[in-house]
Structures are given as C-alpha cells and as structure tokens.
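K.L.:
Right, I'll just put the structure down here and ask away after.
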Amino acid sequence: MGEVAVVTGASAGIGRSCADRLFRHGWTVYGASRRGTRSAGWHPLVMDVDDDRSVDEGIAAVLADSGRIDAVVAGAGWGLAGSVEETPIDEARRQLETNFWGAVRVVQRTLPAMRAAGRGRIVLVSSIGGQLGLPFQAFYSASKFAMEGLGEALAYEVAPFGVTVSLVEPGNVRTDFTDSRRLVPVAASSPYAAAMAGAIETMAAAERRGVAPDRVAALVERLCSSDRPARRATVGRLDERIGPVAKRLIPNRIFERAAKGSLGL
Ligand SMILES: NC(=O)c1ccc[n+]([C@@H]2O[C@H](COP(=O)([O-])OP(=O)(O)OC[C@H]3O[C@@H](n4cnc5c(N)ncnc54)[C@H](OP(=O)(O)O)[C@@H]3O)[C@@H](O)[C@H]2O)c1
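Each residue of the sequence shown is one higher than the last, beginning at 1089 in the working numbering.
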C-alpha cells in the first residue's frame, strides 16, 4: 500500500480531481462525500462532514482499513449567495457548518494518527474568496476567512509533530459549484435585488470560464508529496491570482473601486 490520503468532497469537482490525481500518483485514496461516488481505483467513503458521528465513523473506518493517514485534503464545500442583511442566520450557519466546521471535524479526527506517525500533510481547500471579501457571498467568504485563520494557527501547533498545513486558494474553477450554489430568496422589492443579481451572475459567468479542476488537483498532489509544502498557494487564472496581492499593495479605496467596477456595483 502506498501513502494514504483522505479527500473530502470527492464525488465532484476539485475533490474528485484531487482523488483521481493522487490515485494516479500511487496514493491509496479514500474519497469521501455524502453521495459516496465510486471511481476506478480509489475507495469511496460515505461521510457527511456536517455530522460528528459520520466523520468519527468515516475516519475510524479508514484507519481500520489502512492503519495510517498520510494526507488529508479538506475539499467538501458549497456556496451561498445572499446579502448579509437578508440571509437567515440558520442558512449562514449551515454554510459554516460544512465549509469551516466540516474541515475542523476531519482535521481533529485525523491528527492523532498523523502525530503518532510523526508525519502528515493537511491541505485545506480555501479560496481566493478567503482573502477577498466577496459581495453577496459574505458567509461563503467568512467560512473561508475562518479556514485561513484556522490553518495558519494550526500550522504552529502541529509543526513539532512533523505535520504541515497548506491553504490552497483557487480562483474560478469549472465545477458543479456554480449550479449548486444556494441562493437566498430575494423579494423583487429588496433594496439589494438588482445589485445582487448582477454581481452573482458576473461571478457565476467567471466560474464557468474558470480553469479545470485538475489544475487545482495538480497543486494539491504537489503539496501532499512535498517535504516542505507551501503554507499558502493560489491557483487559477493570473488576473484572479493577483487579486490578493493587489489588495495588500494598494489602498483599500482604490482596490474596492476596481472590484466594484468589475462586478457592476
Ligand atoms: N469552483 C470554484 O470556483 C471554487 C473556487 C475556490 C474554492 N472552491 C472550493 O473548492 C471546494 C470544492 O468545490 P467544487 O468547486 O469542487 O464544488 P462541487 O463540484 O460542487 O463539489 C463539492 C463537493 O463537496 C461535497 N460536499 C458538500 N457538502 C458536503 C458534506 N456536508 N459532507 C461531505 N461532502 C460534502 C460534495 O459531495 P456530496 O454532495 O456528494 O456530499 C462534492 O463532492 C469547496 O470548498 C469550494 O469552496 C471552489
């Protein structure tokens, strides 16, 4: 058995590409999702990252089967569109339940085995939206900003045990993510209706023109296989990847004026 990886979100998009690519590179892969999609070569795992027990049982099953976990790729996630003012708190909570707490659950359950082995690779699939606040996707951005803080802090804690943490920040990627995005219902009379519709349509169109998920998978495979993986790595079109750099270098007002222009705000 080669090195063992657990990939969440493996039934589609980025997670599926990561599972496929790691498998092609000789890894033994457990691909987790609620659907439990099968793929030639790697092991499907039905696991809902929103659910404590499901994650407990899923990771325990992998360890019982393989005896080790060398890398975990936290890729399960979805998008939520709505204004901050009009998004029901329960829906906002659900967004963080999967995108943030789901990753926390998987990391917590995986770490004991990695510490015991004295080696491990944790790869958190964040987003450029974890560096830039996306209007009308505030809770999606919040979930990814939270993941960024988690990963950065966790890296210090686990370094003494030979475990590394990498944050992968994709720009727009062509996956089911766009059509699966949940939209908070907006009344025609909402003061946000027109701005939100325009901004979300612009972002969705950019996602449909985005890079193939295998571009992200190639980066993830390199991080999982590296002796000194990067803490952060962006992936995608160059004009998207320079966003976080530009935000740091130029005054907020100028950066935001350009962002508003591109989103029709
Ligand atoms: N596409 C983009 O442009 C883009 C850009 C930056 C970052 N990302 C991030 O990349 C990650 C993957 O997104 P994607 O684009 O590949 O989307 P996708 O094609 O819609 O795939 C999402 C995956 O997450 C799984 N998932 C969702 N909720 C889950 C849960 N509660 N438990 C277990 N699995 C769950 C889905 O499987 P089941 O439905 O079978 O459970 C599916 O396999 C997300 O974290 C997303 O935020 C995407």
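For glycine and all other residues, C-beta sits at the position ideal for the given N, C-alpha and C.
Among G1163, G1208, R1303 and R1193, which residue has its Cα nearest to the Cα of G1146?
P.N.:
On the sequence shown, position 58 is the one that residue 1146 refers to. Looking at the Cα atoms, R1193 is the closest of the given residues.
K.L.:
Please indicate yes or no: does the CB of N1187 lie closer than 8 Å to some heavy atom of ligand 1?
P.N.:
One-based indexing of the sequence shown puts residue 1187 at position 99. Yes, the Cβ of N1187 comes within 8 Å of a heavy atom of ligand 1.
K.L.:
May I ask whether a heavy atom of ligand 1 can be found less than 8 Å away from the beta carbon of A1164?
P.N.:
The residue given as residue 1164 occupies position 76 in the sequence shown. Yes, the beta carbon of A1164 sits closer than 8 Å to at least one heavy atom of ligand 1.
K.L.:
Taking 9 Å as the cut-off, decide whether the C-beta atoms of G1259 and V1299 are in contact.
P.N.:
The residue given as residue 1259 occupies position 171 in the sequence shown. The residue given as residue 1299 occupies position 211 in the sequence shown. Yes. Within cutoff.
K.L.:
Please state whether DSSP places T1175 in a helix, a strand or coil.
P.N.:
Counting from one through the sequence shown, the residue named residue 1175 turns up at place 87. T1175: coil per DSSP, three-state reduction.
K.L.:
Say the cut is 8 Å; is the CB of F1265 nearer than that to a heavy atom of ligand 1?
P.N.:
Here the question's residue 1265 lines up with position 177 in the sequence shown. Flag set: Cβ of F1265 near ligand 1.
K.L.:
State whether the region 1339–1347 contacts the region 1270–1278, with contact taken as three or more CB pairs (one from each stretch) at a distance under 8 Å.
P.N.:
Output reads no: the region 1270–1278 does not touch the region 1339–1347.
K.L.:
In angstroms with no decimal places, state the Cα-to-Cα distance between A1201 and A1162.
P.N.:
Within the sequence shown, residue 1201 is the residue found at index 113, counting from 1. Within the sequence shown, residue 1162 is the residue found at index 74, counting from 1. Those two C-alpha atoms are separated by around 16 Å.
K.L.:
Under 9 Å, do E1257 and C1106 count as touching if we go by C-beta distance?
P.N.:
Walking along the sequence shown from the start, residue 1257 turns up at place 169. Walking along the sequence shown from the start, residue 1106 turns up at place 18. No, they are not a contact pair.
K.L.:
Count the other C-beta atoms from every protein chain shown that fall within 10 angstroms of the C-beta of A1321, then say buried if there are 16 or more, exposed otherwise.
P.N.:
To locate residue 1321, count along the sequence shown from 1; it is residue 233. Answer is buried; the Cβ neighbour count reaches 16.
K.L.:
Looking at the secondary structure, which residues open and close the beta strand (DSSP E) in which G1208 lies?
P.N.:
The count along the sequence shown starts at 1 and reaches residue 1208 at position 120. Run containing G1208: G1208 to V1213, per the beta strand (DSSP E) assignment.
K.L.:
Could you tell me the alpha carbon to alpha carbon distance between P1317 and P1279, rounded to whole angstroms?
P.N.:
As a first step, residue 1317 is located in the sequence shown; it is residue number 229 there, counting from the start. As a first step, residue 1279 is located in the sequence shown; it is residue number 191 there, counting from the start. Spanning the two alpha carbons is a distance of roughly 45 Å.
K.L.:
Just the Cα atoms here: how many angstroms apart are L1242 and L1311?
P.N.:
Position 154 of the sequence shown, counted from the start, is the residue given in the question as residue 1242. Position 223 of the sequence shown, counted from the start, is the residue given in the question as residue 1311. Going by the C-alpha atoms only, they are around 17 Å apart.
K.L.:
Mind checking S1214: buried by the 16 CB within 10 Å criterion, or exposed?
P.N.:
For the purposes of this step, residue 1214 is identified with residue 126 of the sequence shown, where counting begins at 1. With 16 or more Cβ atoms within 10 Å of its Cβ, S1214 is classed as buried.
K.L.:
Name, in chain order, the residues that DSSP records as bridge partners for S1254.
P.N.:
As a first step, residue 1254 is located in the sequence shown; it is residue number 166 there, counting from the start. S1254 pairs with V1211.
K.L.:
Looking only at its own chain, which residues have a Cβ that is under 6 Å from the Cβ of G1124, when we skip the five neighbours before and after it?
P.N.:
The sequence position of residue 1124 within the sequence shown is 36, counting from 1. P1132 and V1134.
K.L.:
So, do the region 1095–1104 and the region 1261–1269 have three or more beta carbon pairs nearer to each other than 8 Å?
P.N.:
A contact exists between the region 1095–1104 and the region 1261–1269.
K.L.:
Short of 6 Å in beta carbon distance, which residues of its chain neighbour E1091, apart from the five on each side in sequence? Order them along the chain.
P.N.:
In the sequence shown, counting from the first residue as 1, residue 1091 sits at position 3. Counting only Cβ-Cβ distances below 6 Å, and skipping sequence neighbours, we find W1115 and D1158.
K.L.:
Would you report the Cα separation of S1350 and G1324, rounded to the nearest angstrom?
P.N.:
Here residue 1350 corresponds to residue number 262 of the sequence shown, with the count starting at 1. Here residue 1324 corresponds to residue number 236 of the sequence shown, with the count starting at 1. Approximately 18 Å, taken between the alpha carbons.
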